[in-house]
Amino acid sequence: MVMNGDSFCRVDFIDFIDFHFKRKAFVSMVISEKKNNTDYGTVLLNYSLQIKKFSKEKIKKNKNFTNTGIYLFQKEILSFIPSERFFSLENDLFPDFDCKKFYGFITKEFYVDIGTPESYESAKVFLKKIGSSNEKKV
Numbered sequence: 007m008v009m010n011g012d013s014f015c016r017v018d019f020i021d022f023i024d025f026h027f028k029r030k031a032f033v034s035m036v037i038s039e040k041k042n043n044t045d046y047g048t049v050l051l052n053y054s055l056q057i058k059k060f061s062k063e064k065i066k067k068n069k070n071f072t073n074t075g076i077y078l079f080q081k082e083i084l085s086f087i088p089s090e091r092f093f094s095l096e097n098d099l100f101p102d103f104d105c106k107k108f109y110g111f112i113t114k115e116f117y118v119d120i121g122t123p124e125s126y127e128s129a130k131v132f133l134k135k136i137g138s139s140n141e142k143k144v
């Protein structure tokens, strides 16, 4: 499992792992529906939840999903990642990745990115809210 360090999304990891293994996936990505995902790019799925397109650009479709930065990989993915240079999954691998075993696990949970000062401020508010709601459950 790999997770980006500049985003947050609640995920049922047991369901995600089960999803990955039931499909015998090579790569599984947690994705979230975003109303306005111009900052996050677009993930397009087919009816089997296979990822058909991963784009840094917004694509006009009925449903737009965005990458939450949470992945499960088979260890063979390492053969696609060069060790001698900087490499970004989102920029260097996923846009051109052609694999029938590349799946999107849809979550209805809120996804928050902290990659810009504006999104960082909204993330602080969101995380404070969920922190206080978790304290009430204890």
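Start counting the sequence shown at 7; every next residue gets the next number (this note's numbering).
We put the beta carbon where it would ideally sit given N, CA and C, even for glycine.
Let's test the definition: count the other Cβ atoms within 10 Å of the Cβ of residue i and tell me whether it reaches 16, buried, or not, exposed.
| i | result |
| --- | --- |
| valine 131 | exposed |
| methionine 9 | exposed |
| lysine 134 | exposed |
| tyrosine 126 | exposed |
| serine 38 | buried |
| phenylalanine 22 | buried |
| isoleucine 87 | exposed |
| serine 60 | Note that residue 60 corresponds to phenylalanine in the displayed sequence, not to serine. Result: buried. |
| tyrosine 120 | A small fix is needed here, since residue 120 is isoleucine in this sequence, not tyrosine. When all chains shown are included, isoleucine 120 counts as buried. |
| threonine 48 | buried |
| lysine 40 | buried |
Tell me whether the beta-carbon of residue i lies closer than 8 Å to the beta-carbon of residue j.
| i | j | result |
| --- | --- | --- |
| lysine 62 | proline 101 | yes |
| serine 13 | glycine 110 | no |
| phenylalanine 71 | isoleucine 112 | yes |
| lysine 114 | glutamine 56 | no |
| asparagine 73 | glutamate 90 | no |
Tell me, please, which residues DSSP counts as bridged to residue i.
| i | result |
| --- | --- |
| cysteine 15 | Tyr117 |
| tyrosine 77 | Val8 and Met35 |
| phenylalanine 111 | Val36 |
| phenylalanine 71 | Glu39 and Val49 |
| phenylalanine 60 | Val49 |
Counting only the same chain and skipping the five closest in sequence on each side, list residues whose C-beta sits under 6 Å from that of residue i.
| i | result |
| --- | --- |
| serine 34 | His26, Leu78, Tyr109 and Phe111 |
| lysine 129 | Reading off the sequence shown, one finds alanine at residue 129, where the question assumed lysine. Same-chain partners within the cutoff: Val118 and Ile120. |
Give me, in chain order, the residues of the same chain whose beta-carbon lies closer than 8 Å to that of residue i; leave out the 5 immediate sequence neighbours on both sides.
| i | result |
| --- | --- |
| lysine 81 | none |
Excluding the five sequence neighbours on either side, which residues of its own chain have a C-beta within less than 7 Å of the C-beta of residue i, listed in chain order?
| i | result |
| --- | --- |
| aspartate 18 | none |
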